[in-house]
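Below: one structure, written as structure tokens.
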Ligand SMILES: CC(C)C[C@H](NC(=O)C[C@H](N)C(=O)O)C(=O)O
């Protein structure tokens, strides 16, 4: 290649597009559910990547991927959210655009199918970052989001789950994850924009009004084009205390690899609080990681048209997506 004297030839690199999704920090997924979870998580990652390929932004991609999982009853978000102590559903979600750090979140919302879409509307249509409960629902109504009766979001599985939890009277312990299926996504688009979204029904048998980490910027996720994007899952009270997502990006900021950053942040939460969980992280150059200290974490990633996915530590499946 001919270059002018004194200039440095820069290899022309195709822009990298990446989507990574997670389906919560799971304890024991039965063999027949495993297949459904595996399919759902791959479908979500594929949808996110398709949005990027069609010219959508990182924010579009994470919203699209999380919407797929909210609509899937196998996951603890939207339809299929876990029940609180009253047998009711209160959902939390957040989304963030790493381009300008704009963010939107909702907590304790009921009777809507897709909390992540409402979080995005908070980000784009209000001067605020975070709406809760009644106000968030009023805003949804004003935005023309249809109300869904709460019974339509409840499944047989989540009803049984609450009954079992009440029988066992299991206090939620950080080191004893009992439920699974919180969802999240991170993405890098071809313009170098990073975004994350996280959505959850929270923790089974939780108190009315309990809000976890998932809607809290810095805990449930974070995105900054200068650093990377993270979505987290796990014991919400522990994640809040260590600000898990921003903590992981702090390590990226300090020059750590994505692997090291994830390991350090999750390791700190475990050693300091006995808190278990997992996270997905993509940095600004498209390196990504999915890591967890819970028993397992369904995840899927697409980069360069290649889908990789897994649930347990020792299994990763790779396949090419049809272009
Ligand atoms: C116990 C863990 C490992 C299960 C995990 N729960 C959440 O992520 C809950 C969410 N962070 C909150 O606290 O509201 C899951 O749903 O997969």
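Numbering (UniProt numbering), first residue to last: 1 to 323.
Cβ atoms here follow ideal geometry from the backbone N, Cα and C, with glycine treated the same way.
- Excluding the 5 residues flanking it on each side, residue 198 has same chain C-beta neighbours closer than 6 Å at 94, 184, 214, 220, 221, 231, in chain order.
- Relative to the non-hydrogen atoms of ligand 1, the Cβ of residue 213 comes within a distance shorter than 7 Å of at least one.
- Scanning the stretch 121-179 from its first residue to its last, the whole alpha helix (DSSP H) runs of 4-plus residues come out as 133-142, 156-168.
- By the Cβ-count criterion, residue 114 is buried, with 16 or more other Cβ atoms from all chains shown falling within 10 Å of its own Cβ.
- Each residue's CA atom was taken as its position, placing residue 65 and residue 6 some 46 Å apart.
- Contact between the stretch 15-24 and the stretch 298-314 is present, with at least three C-beta pairs closer than 8 Å.
- Beta-bridge partners assigned by DSSP to residue 320: 306.
- For residue 51, the secondary structure class from DSSP, reduced to helix, strand or coil, is helix.
- The DSSP-derived three-state label of residue 269 is helix.
- Between the alpha carbons of residue 50 and residue 167 lies a gap of roughly 44 Å.
- In the structure shown, residue 283 falls within a strand segment according to DSSP collapsed to helix, strand and coil.
- The residue among 8, 180, 52, 139 with its C-alpha nearest the C-alpha of residue 33 is 180.
- Nearest in C-alpha terms to residue 196, of all of 280, 253, 55, 142, is 280.
- Between residue 249 and the set 238, 186, 239, 283, the nearest pair of CA atoms involves 283.
- At least one heavy atom of ligand 1 lies closer than 7 Å to the C-beta of residue 76.
- For residue 211 against residue 161, the beta-carbon gap comes to about 20 Å, at or over 8 Å, which does not count as contact.
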